[in-house]
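Peer 1:
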Amino acid sequence: MWVKLCCLLLYFLALFVLARVFEAVAWYESGFLATQLVDPVALSFRKLRTILECRGLGYSGLPEKKDVRELVEKSGDLMEGELYSALKEEEASESVSSTNFSGEMHFYELVEDTKDGIWLVQVIANDRSPLVGKVHWEKMVKKVSRFGIRTGTFNCSSDPRYCRRRGWLRSTLIMSVPQTSTSKGKVMLKEYNGRKIEVEHIFKWITAHAASRIKTIYNSEHLKEEWNKSDQYRVKIYLFANLDQPPAFFSALSVKFTGRVEFIFVNVENWDNKSYMAEIGVYKTPSYILRTPEGIYRYGNNTGEFISLRAMDTFLRSLQPEVNDLFVLSLVLVNLMAWMDLFITQGATIKRFVVLISTLGTYNSLLIISWLPVLGFLQLPYLDSFYEYSLKLFRYSNTTTLASWVRADWMFYSSHPALFLSTYLGHGLLIDYFEKKRRRNNNADEVNANNLEWLSSLWDWYTSYLFHPIASFQHFPFDSDWDDDPDLFLERLAFPDLWLHPLIPTDYIKNLPMWRFKCLGAHSDEETFHDSESDSDSESKEVFSSEKEVSEDDELRALPRRRAGEPRRGAETSSCATSSGPREPCEWQARSYGSCSTTGAVEPDWSAWPSEMLHCTECVVCLENFAAGSLLMGLPCGHVFHQNCIVMWLAGGRHCCPVCRWASYKKKQPYTHPQPLANESPS
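Okay, structure coming up:
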């Protein structure tokens, strides 16, 4: 995960550098920067009209260019970046969708229950024509959608009872606006009663109702009282301008940030004394002043701070975010990081997408699970101070110059999604190239594997781990409730001899108990198994290295020959034997495949054996006696063998005991050695 996180941070750094390169190229070709101010006198009437439409100011009664230019100057400074964005938005002929309501519940769910937005709905009465024609309605939809106003059409023929209850007996326009200044407040519906059915008049009616929600100040005394008042709003934004009403984008933002930011419009049109404005730091109009507990911030002085809905919305979201904003941001970052797995993973193409799907599911599940306790903690009243300190940190960090560059880059790349995707793909291909070059020297088979080979290996792994216990997760010895082992019967049913047996991982072998064979009274330099782990590891490696040389058929053919006619090579050299007295009977397993002792005068040291292992002195695989100091290994069933012999047996694919055929990776009830009676004397 850390590798993907580093790759994502490197990608963001590349985007930041690329944006600075684009700014340098634009300055070299045109001679201006995005933050450079534009003189409205040098602009054409069409460009001035485009700026007013983007800001949401009406110009229907201004036929001359001079009046339009003055209105642009009164609404705020114009930058090259804002002009470029406005012209690009006008050239883009994207059709904006409008909702068609199916009935009362649909209308209530979207319009009356949505308390953080503005709706414009055209109601068409039964057997009546719409109030606004199709052509004018499409223009209206495109015009109001710039300011986040959603539109829809309600045909009374789909629900005539609801129209009669509402009193919609004729075709009309309905506008829904939040009634209160609190978040999730009541919604009021207003009906258009104007006589002129034109786009500009309807838009002026919409902006007038939206502006009525904004607190307006007309004199310096009222401003002084409002400026020094402390209320529930920690963040306030003031617009000082010589306008009749605030721009439409300012009114739309006041609805969008209801309960988080208070919007105040200061009309300085008829002010004679502006001394108090100079006292609070406002020296020119128009000015957008953000007042926070940390101080005053003048909006429009840094990169990307345009007088538009999108730019100010991004700015306010970074200062006063909602929990939903943080969740969406974390969701985008987590998915961008997960998609890095498509380029980091090497091998077959199908393998890349399988790993990608797995990573996407894992990361998104972990993200949702981690957000649930966060949402629960935020509801606690004791965390209000923590919430306030978090917002204070956001305000401090997002009013810096670096934060303004990041916001400008975000708006640039989000408005050019093709550029964002192409740079992400190019960054991923570079990561894939360097990762492939790094792994080619280590594991060429993984890099060059094709889809068929990887699917074959995936199927082997799947069948092995699906129908058999995962031995790599089992640590022997372990306690389990499945002592009776009912899986043996199911395994017999699932894998008859006519089927191909799946592969079983051999990593459980290293968890089997191992120890040294010792004798009582014998002088031996051998140490216990815990002191000679290096020897056992080396022997295990030698056995595994020779696994491919010895086949299963050769072992099965060689075993009966040794049992039938070959002498036991270690019988005469064994240094372990019982006393000269009568031989004690050993366990039933030992009687079936070897004696408990050899002729001699030394007894084996059974105290060094694990308690669950059966006592014996002979290996049934090689038919040789255990010599002093030889390395032994036991199976879960209790039978003991030479470590080399049993590892070769298990590594050859025979995952069962050579004596009782119990599965070598499954636990069995440990054998309990009988205790001698009190009246019995040791032999």
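For the sequence shown, the positions run -19 to -1, 1 to 664 when mature numbering (1 follows the signal peptide of the UniProt record, and there is no 0) is used. Cβ coordinates follow ideal geometry from the N, Cα and C atoms, glycine included.
Look up residue 268 in the DSSP assignment and give the residues it is bridged to.
Peer 2: DSSP lists 221 as partners of residue 268.
Peer 1: Using a Cβ-Cβ cut-off of 7 Å (strictly less than) and excluding sequence neighbours within five positions of residue 292, which residues of its own chain qualify?
Peer 2: 285, 286 and 392.
Peer 1: In angstroms, rounded to a whole number, what distance separates the CA positions of residue 83 and residue 237?
Peer 2: Rounded to the nearest angstrom, the two C-alpha atoms are 26 Å apart.
Peer 1: Checking the sheet assignment: what are the DSSP bridge partners for residue 169?
Peer 2: Paired residue(s): 158.
Peer 1: Using 8 Å as the threshold, is the C-beta distance between residue 318 and residue -15 below it?
Peer 2: Yes. Within cutoff.
Peer 1: Among 91, 328 and 400, which one has its Cα closest to the Cα of residue 131?
Peer 2: Considering only alpha carbons, the answer is 91.
Peer 1: Give the range of the alpha helix (DSSP H) segment to which residue 627 is assigned.
Peer 2: Here the alpha helix (DSSP H) through residue 627 covers 624 to 632.
Peer 1: Whole angstroms are fine: how far does the CA of residue 345 sit from the CA of residue 335?
Peer 2: Taking the straight line joining both Cα atoms gives about 16 Å.
Peer 1: On the premise that residue 180 lies in contact with residue 124, defined as a C-beta separation below 8 Å, what is that separation, rounded to the nearest angstrom?
Peer 2: Contact flag correct, Cβ pair sits at about 6 Å.
Peer 1: What residues are listed by DSSP as bridge partners for residue 81?
Peer 2: Its beta-bridge partners are 134.
Peer 1: Under three-state DSSP, which class holds residue 260?
Peer 2: Three-state result, residue 260: helix.
Peer 1: Any idea what DSSP makes of residue 638, helix, strand or coil?
Peer 2: It is coil, neither helix nor strand.
Peer 1: Which two residues bound the contiguous alpha helix (DSSP H) that contains residue 246?
Peer 2: It is not in any alpha helix (DSSP H) - residue 246 instead sits in the beta strand (DSSP E) that spans 242 to 248.
Peer 1: Going by DSSP, which residues form a beta bridge with residue 594?
Peer 2: Looking at the DSSP assignment, residue 594 forms no beta bridge with any residue, so it has no partner.
Peer 1: Give the straight-line distance between the Cα atoms of residue 487 and residue 406, rounded to the nearest whole angstrom.
Peer 2: Taking the straight line from one Cα to the other gives about 41 Å.
Peer 1: Taking the alpha-carbon positions, what's the residue 420 to residue 413 distance?
Peer 2: Using only the alpha carbons, I get a separation of about 10 Å.
Peer 1: With distance defined between alpha-carbon atoms, name the residue in 155, 311 and 160 nearest to residue 174.
Peer 2: Residue 174 has its Cα closest to that of 155, out of 155, 311 and 160.
Peer 1: Give me whichever residues DSSP pairs with residue 606 in a beta bridge.
Peer 2: Partner(s): 599.
Peer 1: Kindly indicate the opening and closing residues of the alpha helix (DSSP H) around residue 344.
Peer 2: It spans 330 to 359 - the alpha helix (DSSP H) in which residue 344 sits, taken as one unbroken run.
Peer 1: Below 8 Å, can you find three or more Cβ-Cβ pairs linking the region 15 to 28 to the region 57 to 65?
Peer 2: Judged by Cβ distances under 8 Å, the region 15 to 28 makes contact with the region 57 to 65, as three or more pairs qualify.
Peer 1: Which two residues bound the contiguous alpha helix (DSSP H) that contains residue 382?
Peer 2: Unbroken alpha helix (DSSP H) run through residue 382: 382 to 396.
Peer 1: State the DSSP-derived secondary structure class of residue 153, mapped to helix, strand or coil.
Peer 2: Residue 153 falls in the strand class under three-state DSSP.
Peer 1: Leaving out five residues before and five after residue 501 in sequence, what residues of the same chain have Cβ atoms less than 6 Å from its Cβ?
Peer 2: Around residue 501: 584 and 586.
Peer 1: Counting beta carbon pairs with one atom in the region 289 to 307 and one in the region 378 to 385, are three or more of them shorter than 8 Å?
Peer 2: Flag = yes, the region 378 to 385 and the region 289 to 307 touch.
Peer 1: Closest by CA to residue 669, which one among 641, 614 and 620?
Peer 2: Examination of residue 669 is not possible in this model, given that the chain is present from -19 through 664 alone.
Peer 1: Return the CA-CA distance between residue 261 and residue 269, expressed in angstroms with no decimal places.
Peer 2: Cα to Cα, the separation comes out at about 13 Å.
Peer 1: Report the residue ranges of all alpha helix (DSSP H) runs contained in full by the region 288 to 334; include only those spanning at least 4 residues, in chain order.
Peer 2: Segments of the alpha helix (DSSP H) lying fully in the region 288 to 334: 290 to 300, 304 to 320 and 322 to 325.
Peer 1: Looking at the ligand NAD, does it come within less than 7 Å of residue 202, judged from the CB to the closest heavy atom?
Peer 2: In the structure on display, the ligand NAD does not appear, and there are no ligands present to speak of.
Peer 1: Please identify the residue among -12, -13, -18 and 1 whose C-alpha is closest to the C-alpha of residue 383.
Peer 2: For residue 383, the nearest C-alpha among the options comes from 1.
Peer 1: Mind checking which residues open and close the beta strand (DSSP E) that includes residue 496?
Peer 2: That run of the beta strand (DSSP E) goes 495 to 497.
Peer 1: With a threshold of 7 Å on Cβ separation, who are the neighbours of residue 235 within its own chain once the five nearest residues in sequence on each side are excluded?
Peer 2: Around residue 235: 194, 195 and 244.
Peer 1: State the start and end residues of the unbroken alpha helix (DSSP H) segment that holds residue 276.
Peer 2: Unbroken run through residue 276 is the beta strand (DSSP E), 276 to 280; no alpha helix (DSSP H).
Peer 1: Using only CA atoms, which one of 349, 188, 247 and 4 lies nearest to residue 309?
Peer 2: It is 349 whose Cα lies nearest to the Cα of residue 309.
Peer 1: Start and end of the alpha helix (DSSP H) containing residue 32?
Peer 2: Its alpha helix (DSSP H) spans residues 26 to 36.
Peer 1: Pick helix, strand or coil for residue -13, following the three-state DSSP scheme.
Peer 2: Helix, per DSSP.
Peer 1: Measure the CB-CB distance between residue 187 and residue 113 and report whether it falls below 8 Å.
Peer 2: The answer is no: Cβ separation not under 8 Å.
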